[in-house]
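Working notes, structure below.
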Amino acid sequence: MEAERAEVRALEAEIAALRRACEEPTAPWKETAKAKKSFKNIYQSESERLESSKDLRRQLGHLESELSLLSTLTGISIRKYSKKTEDLTSTVMTEKNIKKVLQRYKLSGDCHMVTFQLEFQILETQNEKNLSSVVTDLNIIMEPTEYPELSELVSRAEERRDLFMFFRSLHFFVEWCEYRKRTFKHFKEKYPDVVQLPEGATSSCLGIQNASQPGFELVIVWRIQIDDEGKVLPKLDLLTKIPQQALELDKKNVIESAPLSFRTLLGVLGIEASLESLIKLFFNTKE
Amino acid sequence: GILAHLERLETQMNRSHKRFEGPQRTQAEESTLGTRIHKLRLLRDKLRAEVKQRQAEIEASAASTEPDQTLETSEQEVLETKLENLKALLQAYHFTGLSGKLTSRGVSVCIHTAFDGNLLDSYIVDLVIEKPLWIHHHSVPVFIPLEEIAAKYLQTDVQHFLFSLCEHLNGYAGRKYQADRLQSDFAAFLAGPLQRNSLCNVLSFTYKVELGGQSFLFCARLLYKDLTVTLPTDVTVTHRGTDALSTSWEEQRVSHENLFRTTSLHKAFTSFAGGEKLNMSL
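Line by line, the protein sequences are chains W and B. Okay, so the first sequence: first residue is 1 according to the numbering used here, each after it adds one. Okay, so the second sequence: first residue is 1001 according to the numbering used here, each after it adds one.
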């Protein structure tokens, strides 16, 4: 009987070991994939599976179009986004029917060639009367650009926790910069001998000079400013460099009033036409 | 005596019972043990076979060639993840102040407003993309000059149209927020109701000012000529009363005018509250 009892104990031990071996997952992902597949197989035929893939693709296409639309409308391309929610409601608050939730967001993307990374927090408080959402913290990181106005914009936006103003101003500022770049480039290519861009492609000034008339120079300074309210304003100014002799001949004080006349011209003809007419001045020497 | 005798009989009986049960019990035990062993052996063999099968499966699946079906499942998973990502990105656009979606006839744009870090109401404009572009439906308040803005920009530059509308709506939202805060948080300072128009660009109120034990009533009139701003373009603060103001009070009046011109309403009144507390402590 002792022997039999021993055998029972041995068998029980082996069974326990075998049971453990059976419980161990073999290749877990394959198991679940197989399980999923077999599950789906029960409820989906081959054609149904293709249909759901097609449907997903169609949905994706639709979403991609929407994203492209928003990117065009706002001028901003958002590439990454994450959100974390933290419930700050205490028991005291729950009793009074008040709910407090803190949401942490991370957002990154670009606006043309300017890239940005934002981290901000929004505190949502809900009581019986209303729901309030307040931006409690805003951090903006931008890669250094050749535009000092942008770092001013960043500090202003961070100080005021003004997300919308940041994006709006960034969009229009960058757009104006691109327009200025294109316009200057156009004139440089059209009149290569007369037009100079002293600071290169992203220059804020354009110089007009004619080699046959040294000493005469016109400089157009085109600044793009962001005011306190976030409005983006282009500011164009004309600077003249005229030899003393010519100034003495200038009885009608044309040169002195040139900057003001330029402003008027801008209002009438717009930027491109005004610049074109100024450049043409330097061609019409003694014709 | 008898008890002891009975005890002896009892123990005798137990012993004999035991001797009686003994072999039977051993026999029963043996047979149950036997069945048990039999059962356990069966179970062990079954489990051994199962483990063997699992081994075989592992080896088989390692060399398995079922790429198509596994790929298809993972393709679906890839698509689903991508879908979730795109949905999240679309949500993120809310924080640029402008979001929207495609409709069957065009696009439905949502303009969000905020002031001083507070996220406020959103407004919808449904555009039908045809020549000419037209607004099918919108939730813009009637006192916002939507038609004017549309007449200026809608056909030539949709972006500019939306931007201008955005400026107007944010301006209105900011002014409304300040007026609401003044009414709710600083009612104690007001002598009489805050007079406001729907656009909240004409505000008029009378408030109490205390300085060195004296108290006066000041009337403030705030005008926001530019509908896109949240700070007034014109401010007049006058003294309610017949007597002329002393120099110190005149200084107060002027400083209040400047304050209203440069600070939001509720912040101005917060500083009054702080100032008042200071005066009282003097």
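Beta carbons are placed, not taken as given, at the ideal position from N, Cα and C, and that holds for glycine.
Exercise for the section: Can you tell me which of B:Glu1210, B:Leu1169, B:Asp1116 and B:Asp1234 puts its alpha carbon nearest to the alpha carbon of B:Arg1181? Expected result: Residue B:Asp1116 is the option with its Cα nearest to B:Arg1181.
Handout entry: Start-to-end residues for the alpha helix (DSSP H) that takes in B:Ala1188
Key = For B:Ala1188, there is no enclosing alpha helix (DSSP H), as DSSP marks it with neither H nor E.
Exercise for the section: Could you tell me whether the stretch 1084–1101 of chain B touches the stretch 1206–1214 of chain B, where touching means 3 or more Cβ pairs closer than 8 Å? Expected result: The stretch 1084–1101 of chain B vs the stretch 1206–1214 of chain B: no contact.
Handout entry: Beta-carbon proximity check, B:Asp1126 vs B:His1112, cutoff 7 Å
Key = Contact: no.
Problem - Neighbour flag for B:Ile1111 against chain W, beta carbons, 7 Å - result: Not an interface residue.
Practice task
Compile a chain-ordered list of the residues in the stretch 1084–1105 of chain B whose CB is closer than 9 Å to at least one CB of chain W.
Solution key: Closer than 9 Å at the C-beta level to chain W, one finds these residues of the stretch 1084–1105 of chain B: Asn1085, Leu1086, Lys1087, Ala1088, Leu1089, Leu1090, Gln1091, Ala1092, Tyr1093, Phe1095, Thr1096, Gly1097, Leu1098, Ser1099, Gly1100, Lys1101 and Leu1102.
Exercise for the section: In angstroms with no decimal places, state the Cα-to-Cα distance between B:His1160 and W:His171. Expected result: Spanning the alpha carbons of B:His1160 and W:His171 requires a straight line of approximately 12 Å.
Problem - C-beta neighbour in chain B for W:Glu272, strict 7 Å - result: At a cut-off of 7 Å between C-beta atoms, W:Glu272 does not count as an interface residue with respect to chain B.
Handout entry: Contacts of B:Ile1037 in chain W (Cβ-Cβ under 8 Å)
Key = Here the neighbours are Glu4, Glu7, Val8 and Leu11.
Practice task
Under 8 Å by Cβ, that's how I've got W:Leu11 and B:Arg1041 pegged, so tell me the actual separation to the nearest angstrom.
Solution key: Correct: roughly 6 Å between the Cβ atoms.
Practice task
For B:Ala1114, name the three-state secondary structure that DSSP assigns.
Solution key: Correct three-state label for B:Ala1114: strand.
Handout entry: Span separating the alpha-carbon of W:Phe167 from that of W:Ile76
Key = W:Ile76 has its alpha-carbon roughly 8 Å from the corresponding atom of W:Phe167.
Practice task
Rounded to whole angstroms, what's the CA-CA distance from B:Tyr1153 to W:Ser133? Just pull it up for me.
Solution key: Rounded to whole angstroms, the separation of the alpha carbons of W:Ser133 and B:Tyr1153 is 32 Å.
Problem - Same chain, Cβ closer than 7 Å to W:Ile145, neighbours up to 5 away in sequence not counted - result: A small fix is needed here, since residue 145 of chain W is Thr in this sequence, not Ile. Excluding sequence neighbours, W:Thr145 sits near Val114.
Problem - Beta-carbon separation (whole angstroms), W:Arg57 vs B:Leu1079, contact threshold 8 Å - result: About 7 Å; that satisfies the 8 Å criterion.
Practice task
Could you tell me if B:Phe1269 is buried or exposed, where buried requires 16 or more neighbouring beta carbons within 10 angstroms of its beta carbon?
Solution key: Of the other Cβ atoms in all chains shown, 16 or more fall within 10 Å of the Cβ of B:Phe1269; this residue is therefore buried.
Exercise for the section: Determine which residues of the stretch 1227–1255 of chain B have a Cβ less than 9 Å from any Cβ of chain W, and write them out in chain order. Expected result: So the list reads Thr1228, Val1229, Thr1230 and Leu1231, given in the order they occur along the chain.
Exercise for the section: Note down, in chain order, every chain B residue with its Cβ under 7 Å from the Cβ of W:Phe167. Expected result: Per Cβ cutoff of 7 Å: Thr1096 and Gly1097.
Handout entry: Exposed unless 16 or more other CB atoms sit within 10 angstroms - verdict on W:Lys80
Key = When all chains shown are included, W:Lys80 counts as exposed.
Exercise for the section: Look up W:Asp87 in the DSSP assignment and say whether it is helix, strand or coil. Expected result: In this structure, W:Asp87 counts as strand in the three-state DSSP scheme.
Problem - Within-7 Å CB hit, B:Gln1287 to chain W - result: Past the edges of chain B, shown from 1001 to 1282, lies residue 1287 of chain B, and the structure says nothing about it.
Exercise for the section: Indicate whether W:Phe116 and W:Tyr105 have their beta-carbon atoms separated by less than 7 Å. Expected result: At least 7 Å separates the beta-carbon of W:Phe116 from that of W:Tyr105.
Exercise for the section: Measure from the alpha carbon of W:Ser261 to the alpha carbon of each residue in W:Ile208, W:Cys177 and W:Leu236, then state which is nearest. Expected result: In terms of Cα proximity to W:Ser261, the closest of W:Ile208, W:Cys177 and W:Leu236 is W:Leu236.
Problem - Cutoff 7 Å: W:Ile76 Cβ touching any chain B Cβ - result: Interface residue, yes.
Exercise for the section: Please look up how many angstroms separate the CB atoms of W:Ile255 and W:Thr240, rounded, as I've assumed it's under 8 Å. Expected result: That pair is a contact at about 5 Å.
Exercise for the section: Assign B:Thr1230 to buried or exposed, taking buried as 16 or more other Cβ atoms, counted over all protein chains shown, within 10 Å of its Cβ. Expected result: Classification of B:Thr1230: buried, given that the 10 Å Cβ count is 16 or more.
Exercise for the section: Could you tell me whether any Cβ in chain B is nearer than 7 Å to the Cβ of W:Arg58? Expected result: W:Arg58 does not count as touching chain B.
Exercise for the section: Could you pull the start and end residues of the alpha helix (DSSP H) that B:Ile1135 belongs to? Expected result: Where B:Ile1135 is concerned, there is no enclosing alpha helix (DSSP H), although the beta strand (DSSP E) it sits in stretches over Trp1134 to His1138.
Practice task
Please list the partners that W:Cys22 has in chain B, where partner means a Cβ-to-Cβ separation under 8 Å.
Solution key: Within chain B, the residues near W:Cys22 are Leu1047, Glu1050, Val1051 and Arg1054.
Handout entry: Alpha-carbon to alpha-carbon, W:Asn127 and W:Glu31
Key = At W:Glu31, the pLDDT of 48 sits below 50, so the modelled position is not reliable and the matter cannot be decided from this model.
Exercise for the section: Compare the Cα-Cα distances from W:Arg182 to each of W:Lys252, W:Arg160, W:Ile271 and W:Pro214 and report the closest residue. Expected result: Relative to the Cα of W:Arg182, the nearest Cα in the group W:Lys252, W:Arg160, W:Ile271 and W:Pro214 belongs to W:Ile271.
Exercise for the section: Anything in chain W within Cβ reach of B:Ala1187, meaning under 7 Å, just list it in chain order. Expected result: Neighbours of B:Ala1187 on chain W: none; closest Cβ ~16 Å, over 7 Å.
Exercise for the section: Enumerate, from N- to C-terminal direction, the unbroken alpha helix (DSSP H) stretches of 4 or more residues contained entirely within the stretch 192–260 of chain W. Expected result: Complete alpha helix (DSSP H) runs here, min 4: 244–249.
Practice task
Quick one: list the residues of chain W neighbouring B:Leu1259, beta-carbon separation under 8 Å, in chain order.
Solution key: Among the residues of chain W, none has a CB under 8 Å from the CB of B:Leu1259; the nearest is roughly 17 Å distant.
Handout entry: Length of the line joining the Cα atoms of B:His1256 and W:Ile220
Key = Rounded to the nearest angstrom, the two C-alpha atoms are 42 Å apart.
Exercise for the section: Please go through the same chain and pick out, in chain order, the residues whose beta-carbon is closer than 7 Å to the beta-carbon of B:Leu1043, but skip the five residues on each side of it. Expected result: Answer for B:Leu1043: no residue qualifies.
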